[in-house]
Amino acid sequence: MTIAPPDASPYTELLITARQSVTPREVETQLGAIRNILAHTRASPTMLVVSPWISARAQQDLRDRRIGYIDLTGNVFLSVTYPAIHLQLQGASRSPRANLGTATGTKRVTLAGEKAGRIVRFLADFRPPYKAKDIANATQVDLGWVSRLLGALDDQRLIERTNRTITDVDWADLLHARAMTTKLLNDNNYVGMIAPAGTKSVLRELTTFPHPPHGNPQVLVTGPYAARAVAPIATGGQLMLYVDNSPGSIDFVADELGLLPVDHGAEVLLLRARDAVIFDRYRTVTGIPHVALSQLVIDSLSGPGRMPAEAEAVLDLMRATEETWRQPWLAKFESKPSR
């Protein structure tokens with residue numbers, strides 16, 4: 031295809047390639063290699079990639095290589111010198127099909143759901159090296175499913191592997207990707223409550239809450255109050271508490287904390303945790319159990335109102351203090367699976 035002005039001025043040739051999917055790994059290897067070859071040809075055409083949907087990460091990688099793109103949701107980038115054109119439009123930030131896009135011949139997987147949630151938490155919370163079988167053992171997820179998801183994450187350059195060993199994880203972007211598939215208040219059933227004595231009284235009660243003598247606590251703080259304890263950038267917001275999924279747990283916790291159910295104007299939300307991984311590797315802050323930082327980021331990014339902005343502040347702190355919160359993976363953990 032040729033882009034030419036109406037007069038005899040110089041023109042640009044476009045080399046258009048249509049793809050069912052475009053992953054960052056393909057941009058780095060296949061498309062990047064084609065771009066380098068074209069740069070050394072006499073015509074030096076501009077590449078333009080067309081696909082149903084292109085992720086933000088793949089878009090950035092394409093722009094970095096001066097490769098144009100168009101997807102069917104409206105994401106567009108094209109920059110040529112003759113005639114002078116610079117076009118950049120933003121379309122959908124989420125895939126209409128909500129999957130990662132995996133290597134050819136591999137069954138598609140998604141970052142939504144409980145199995146993916148366990149694997150994402152493992153990858154974020156533990157520093158590599160480790161292998162798929164380590165993840166499968168620790169998360170109690172089928173090895174075949176783990177392998178398929180890791181293949182998709184590799185395509186998206188969210189992990190790096192040498193042979194079959196994971197050597198690096200882009201945990202921040204991984205948490206973002208996971209959050210894009212979830213909605214905090216849709217994925218966890220919740221009950222709105224008021225605290226007649228105030229939320230400060232609820233927090234005091236949590237310091238003496240009757241948790242089991244062994245194992246994880248029954249209640250964890252997440253959302254604005256947990257984010258504020260890490261990176262305070264705002265005030266207000268509802269007190270959000272995860273409650274375990276055992277029968278009668280909501281009523282028991284409400285009674286212990288002096289809460290009353292309401293239909294509107296809730297000060298406290300009791301969220302029924304849909305998977306036990308939410309309680310894994312919890313933190314204790316001023317005597318109160320809080321969700322792990324990785325879980326806090328996922329919850330906040332997928333939450334309403336100002337919560338995504340609070341998540342970004344937590345992420346900034348996590349990047350600066352990674353050595354303190356991210357544990358090295360040791361073989362001894364294999365004998366202590368963490369759902």
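Residue numbers for the sequence shown follow this note's numbering, so the first one is 31 and each next one is one higher. Cβ coordinates follow ideal geometry from the N, Cα and C atoms, glycine included. Treat the numbers as computed from the prediction; the structure is a model and nothing was measured.
Taking the alpha carbon of residue i as the point to measure from, which residue in the options has its own alpha carbon closest?
{"i": "residue 24", "options": "107, 82, 103 and 102", "result": "Only positions 31 to 369 of the chain appear in this structure, which leaves residue 24 out of reach."}
{"i": "residue 288", "options": "233, 60 and 339", "result": "233"}
{"i": "residue 267", "options": "157, 333 and 243", "result": "333"}
{"i": "residue 153", "options": "200, 173 and 112", "result": "200"}
{"i": "residue 79", "options": "237, 71, 100 and 148", "result": "100"}
{"i": "residue 73", "options": "112, 102 and 60", "result": "112"}
{"i": "residue 202", "options": "75, 325, 37 and 213", "result": "325"}
{"i": "residue 169", "options": "34, 260 and 151", "result": "151"}
{"i": "residue 239", "options": "285, 217 and 253", "result": "285"}
{"i": "residue 71", "options": "89, 48 and 43", "result": "43"}
Can you name, in chain order, every residue of its own chain whose Cβ lies under 8 Å from the Cβ of residue i, other than the five neighbours on each side?
{"i": "residue 146", "result": "139, 140, 179, 208 and 211"}
{"i": "residue 339", "result": "263 and 264"}
{"i": "residue 104", "result": "119, 120, 121 and 122"}
{"i": "residue 198", "result": "158, 189 and 190"}
{"i": "residue 206", "result": "331"}
Using 10 angstroms around the beta-carbon of residue i, count the other beta-carbons present and answer buried if the total reaches 16, otherwise exposed.
{"i": "residue 330", "result": "buried"}
{"i": "residue 57", "result": "buried"}
{"i": "residue 31", "result": "exposed"}
{"i": "residue 41", "result": "exposed"}
{"i": "residue 357", "result": "exposed"}
{"i": "residue 315", "result": "exposed"}
{"i": "residue 53", "result": "buried"}
{"i": "residue 458", "result": "A query on residue 458 cannot be resolved here, the shown segment of the chain reaching from 31 to 369 and no further."}
{"i": "residue 371", "result": "With the chain covering only 31 through 369, there is no way to say anything about residue 371."}
{"i": "residue 69", "result": "exposed"}
Can you find the residues in the same chain that come closer than 6 Å, C-beta to C-beta, to residue i, ignoring five residues on each side of it along the sequence?
{"i": "residue 142", "result": "211"}
{"i": "residue 109", "result": "116"}
{"i": "residue 343", "result": "261 and 263"}
Contact check, residue i vs residue j under 8 Å by CB: the rounded distance?
{"i": "residue 97", "j": "residue 55", "result": "No, residue 97 and residue 55 are not in contact; Cβ-Cβ is about 15 Å, not under 8 Å."}
{"i": "residue 14", "j": "residue 280", "result": "With the chain running from 31 to 369 in the structure shown, residue 14 is simply not present."}
{"i": "residue 323", "j": "residue 297", "result": "Actually they are not in contact, since the Cβ atoms of residue 323 and residue 297 sit about 25 Å apart, beyond 8 Å."}
{"i": "residue 45", "j": "residue 77", "result": "5 Å"}
{"i": "residue 251", "j": "residue 148", "result": "Between residue 148 and residue 251 the Cβ distance is about 21 Å, and since that is not below 8 Å, they are no contact."}
{"i": "residue 50", "j": "residue 81", "result": "7 Å"}
{"i": "residue 217", "j": "residue 304", "result": "6 Å"}
{"i": "residue 337", "j": "residue 253", "result": "7 Å"}
Please tell me whether residue i has its Cβ less than 8 Å away from any Cβ of chain C.
{"i": "residue 358", "result": "Protein chain content of the structure displayed is limited to a single chain, and chain C is not contained in it."}
Problem - Meets three-Cβ-pair contact criterion under 8 Å: the stretch 219-228 and the stretch 287-301 - result: yes
Practice task
Give a yes or no on contact between the stretch 270-283 and the stretch 187-200, applying the rule of three or more CB pairs nearer than 8 Å.
Solution key: Segments in contact, no.
Handout entry: contact_flag[the stretch 155-168, the stretch 192-209] where n(CB pairs < 8 Å) is 3 or more
Key = Yes, the stretch 155-168 is in contact with the stretch 192-209.
Exercise for the section: Would you check if the stretch 242-262 and the stretch 303-322 touch, i.e. whether three or more CB-CB distances between them fall below 8 Å? Expected result: yes
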